[in-house]
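Below: the structure, in structure tokens.
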Ligand SMILES: [Zn+2]
Ligand SMILES: [Zn+2]
Ligand SMILES: [Zn+2]
Ligand SMILES: [Zn+2]
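Protein chains in written order, with full-length UniProt numbering: chain L, 1 to 444; chain X, 1 to 444.
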């Protein structure tokens with residue numbers, strides 16, 4: 001079950017060098033959402049590929065074509081595929097990560113230069129854009145590979161890698177790549193994959209530890225569906241001075257309509273929606289009861305006593321399993337004295353929910369590895385948002401997918417002063433290696 | 001009652017030259033809301049002052065100080081004051097106008113260059129920024145002055161002028177100028193003013209003819225009051241994936257609150273507000289009944305059958321006398337999956353209502369002048385919006401104020417392809433001159 005002691009010791013002894021490598025990665029401003037940084041995303045992809053190669057991984061850059069962003073046609077950053085180990089007796093694990101980052105500049109309010117990794121020796125924080133999302137987790141895998149190469153240890157599993165450079169900008173081209181690569185079977189790079197491990201700290205779902213104390217494994221995502229409602233009225237924008245109380249105003253109707261969708265206590269007023277999700281089993285309730293989480297944690301996280309329930313289990317189920325309806329993006333009637341032709345809210349898009357079998361050996365292995373490294377059982381969580389690639393892997397490969405967060409709930413991905421704690425990086429690297437051994441043991 | 005025939009003939013005979021002068025004014029892009037054009041606003045002020053001087057008007061440029069716009073400190077364009085005629089036996093009329101304009105560029109969708117006056121000989125339209133708002137009306141007064149100078153006629157009244165260059169940007173500095181100048185009494189430029197005539201086509205109140213057929217006099221403005229409502233919740237922006245259905249969302253509460261303010265049929269739901277405005281007298285109702293206006297006119301103007309009433313008089317009272325509540329500027333929860341710290345709508349500001357005595361000789365004179373020039377009785381209207389300077393003149397000078405629109409309801413001030421019809425410009429110039437004679441006759 002446990003990894004070799006020499007592996008754990010190697011990680012500890014090389015911690016400073018590993019942090020330096022994270023610094024090299026952070027120094028490349030691979031911002032996928034800013035066309036002027038597109039060459040940096042390519043540079044980061046090549047840097048990552050070189051690292052993998054130097055650690056014995058066979059790699060391939062996959063051209064994903066072009067796309068249009070801000071009226072400019074740009075080449076998409078490549079997917080970096082990799083494989084190491086072809087032992088048919090070993091289990092094969094596919095690992096996903098993304099090497100692009102969110103925009104950042106000091107003028108946004110960063111205390112330090114975002115693309116220079118700062119090691120705060122007092123707090124142990126490694127501060128920089130991409131430290132937790134998602135360069136730190138990717139470096140975790142490099143650390144594991146390097147340790148085994150340096151020690152002359154063979155990996156306990158076969159590994160496959162899939163890294164993309166467009167995650168922060170909609171993962172363009174990735175779904176097609178995964179499904180076509182999966183469809184290739186024995187000829188594809190995902191041949192023989194037995195399970196998937198995603199070590200991403202995706203801000204969209206805030207897929208981190210629930211807090212700063214207890215590691216977690218995530219086995220479900222609520223999914224998202226956007227609806228857009230448009231109320232039309234006059235054929236052009238009108239002046240409320242000239243037409244107010246003469247004609248029907250779209251914004252008045254839209255606001256009334258929206259007020260009928262969700263109650264202030266979170267109840268969804270659209271008939272039948274709340275009924276579509278059956279109540280939890282006692283086994284599921286027991287999972288929520290066991291979480292290292294309190295009502296006060298939520299109050300602390302949001303900075304105000306505005307929780308919808310005083311009961312911890314009810315509260316966490318609001319996030320993890322019940323449907324939630326939020327009102328967003330109301331447009332129209334922008335100018336003070338003008339009411340517009342149309343009033344509208346929301347955007348139309350859909351991401352399906354995903355739930356994994358948390359009793360699968362993939363989860364059992366991650367649980368045992370967590371207990372070995374952190375001396376603590378992980379929280380078993382679901383998240384309120386969506387990580388589309390999770391579902392794509394699960395559906396196209398037909399295998400169990402594990403979300404194994406490396407960071408803490410206060411890392412601030414997508415925010416200023418993004419950080420990864422040194423202990424999360426170093427112990428997290430140990431966790432990844434130990435997880436490989438636990439998978440090997442569980443599937444022997 | 002009527003003006004000298006030679007005056008009317010002079011206007012007709014010099015029409016093309018007057019249109020050329022309007023073209024010179026339009027060619028100066030005196031956009032007050034764009035700091036890069038501030039020198040053009042000054043240039044326009046000096047051009048106007050030179051014109052007045054050449055027509056025998058004594059003038060003064062009043063420095064209104066500085067202001068800050070878009071983080072830049074800029075000198076305010078001067079007010080141009082003028083006076084001509086000091087005959088104590090004559091009535092003194094104060095005229096207001098503004099020489100600044102709204103921004104315009106061909107890329108906004110103009111069919112022609114906005115700062116080159118285009119004369120469409122087929123439709124008779126004079127197309128260009130400022131043609132109707134407010135350079136055309138100002139040129140109307142210059143035409144009257146020029147005719148009298150050229151013909152050697154003395155004006156039937158004493159005239160005072162107050163032109164500003166910041167109307168499109170909040171009239172900064174003007175209220176103080178008017179009140180301080182009024183307070184100077186005999187030593188001020190407004191000494192002896194008996195009435196005010198404002199020939200502005202202010203988009204904010206759409207103070208034009210009600211349609212394209214019948215001239216109007218405007219004797220009331222409904223006024224405006226803005227309220228801003230802010231609903232606060234969490235201490236920072238939250239992710240709806242992570243906190244949806246865990247905490248109270250400001251936008252949910254705000255929408256519910258807003259839905260209680262006004263009904264889709266225009267009824268104001270806040271107790272007592274609709275009751276604050278007493279119903280119309282039969283005399284007032286008769287004014288609305290007499291207006292050259294139909295339900296179909298409203299449908300045509302807004303481009304859709306969305307009127308709140310099928311009864312013409314009820315419909316027009318919604319605009320002209322009843323309170324109206326519009327919902328605007330809803331902010332918060334902008335990003336698809338994010339709900340913000342605060343949700344808020346509206347802006348806080350106030351402009352008081354204004355109603356003039358339409359039986360005053362000032363209005364009687366304008367009515368008779370309109371009948372003489374247009375062979376038609378003018379509509380007697382109130383408007384739904386606000387023209388702040390109207391109230392400032394009325395209160396600081398204590399005299400009757402007349403709004404005498406020159407343009408038609410379809411002129412498109414503040415829009416692309418702003419125009420003034422040639423006939424409105426030329427007949428409008430005759431109307432202004434005839435109005436002066438009518439005032440003189442009425443106050444003899
Ligand atoms: Zn990420
Ligand atoms: Zn991210
Ligand atoms: Zn104007
Ligand atoms: Zn205007």
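Just so it is clear, CB atoms sit at the ideal spot from N, CA and C, and this is done for glycine as well.
Under the Cβ criterion of 8 Å, residue 256 of chain L is counted among the residues facing chain X. Those residues of the segment 223-240 of chain X placed with their C-beta closer than 9 Å to a C-beta in chain L are 224, 226, 232, 233, 234, 235, 236, 238, 239 and 240, ordered along the chain. Using a 10 angstroms sphere on the CB of residue 90 of chain X, the tally of other CB atoms reaches 16 or more, which defines it as buried.
The residues 29 and 31, in chain order, have a CB closer than 6 Å to that of residue 37 of chain X in the same chain once the five nearest residues on each side in sequence are set aside. Put simply, the backbone Cα of residue 51 of chain L is about 11 Å away from that of residue 82 of chain L.
Assignment of residue 392 of chain L by DSSP, reduced to helix, strand and coil, places it in the helix class. For residue 78 of chain X, the closest of X:306, X:146, X:130 and X:59 by C-alpha to C-alpha distance is X:59. Contact between the segment 380-399 of chain L and the segment 232-240 of chain L is absent: fewer than three C-beta pairs spanning the two stretches fall below 8 Å. Residue 104 of chain X has a beta carbon lying at 8 Å or more from every beta carbon in chain L.
Here the alpha carbon of residue 86 of chain L sits roughly 6 Å from the alpha carbon of residue 158 of chain L.
For the pair of segments examined, the segment 151-168 of chain L was found to touch the segment 90-100 of chain L: the number of CB pairs separated by less than 8 Å reaches three. Within the segment 360-384 of chain L, 383 and 384 place their CB atoms closer than 8 Å to a CB of chain X, listed in sequence order. Selection L:290, L:289 and L:308 evaluated against residue 298 of chain L yields L:308 as nearest (Cα-Cα).
For residue 102 of chain X, no alpha helix (DSSP H) run applies, since DSSP gives it neither H nor E. Pairing residue 211 of chain L with residue 99 of chain L gives a Cβ-Cβ distance that is not under 8 Å. Per DSSP, reduced to three states, the secondary structure at residue 354 of chain X is strand. Residues of the same chain with a CB within less than 8 Å of the CB of residue 263 of chain X, apart from the 5 flanking positions on each side, are 269 in chain order. Between residue 117 of chain X and residue 128 of chain X, the gap from beta carbon to beta carbon is short of 8 Å.
Per DSSP, the unbroken alpha helix (DSSP H) holding residue 175 of chain L starts and ends at 174-183. As a beta-bridge residue in DSSP terms, residue 75 of chain X pairs with X:66.
When beta bridges are read from the DSSP output, residue 421 of chain X appears opposite X:125. For residue 248 of chain X, the chain L residues whose Cβ falls inside 7 Å of its Cβ are 264, 306 and 308, in order along the chain.
With a threshold of 8 Å between beta carbons, residue 422 of chain X makes no contact with chain L.
No Cβ of chain L is located within less than 8 Å of the beta carbon of residue 408 of chain X. The Cβ of residue 178 of chain X sits no closer than 8 Å to any Cβ of chain L. Sixteen is the threshold: when 16 or more other Cβ atoms of the shown chains lie within 10 Å of the Cβ of residue 137 of chain L, as they do, the residue is buried. When CB distances to chain L are screened at a threshold of 7 Å, the residues of the segment 277-303 of chain X falling below it are 298, 302 and 303, in chain order. Considering only X:426, X:381 and X:364, the residue with the shortest C-alpha distance to residue 441 of chain X is X:364. The Cβ atoms of residue 241 of chain X and residue 354 of chain X lie no closer than 8 Å to each other.
In summary, no residue of the segment 26-51 of chain L has a CB separated from any CB of chain X by less than 7 Å.
For residue 232 of chain L, the enclosing beta strand (DSSP E) covers residues 229-232. For residue 164 of chain L, there is no enclosing alpha helix (DSSP H); the residue is found in the beta strand (DSSP E) stretching over 158-164. Here the C-alpha atom of residue 106 of chain X lies approximately 22 Å from the C-alpha atom of residue 422 of chain X. A straight-line Cα-Cα distance of about 12 Å links residue 435 of chain L and residue 427 of chain L. Ranking L:139, L:213 and L:320 by CA distance to the CA of residue 19 of chain L puts L:139 first. For residue 283 of chain X, the enclosing alpha helix (DSSP H) stretches over residues 282-290.
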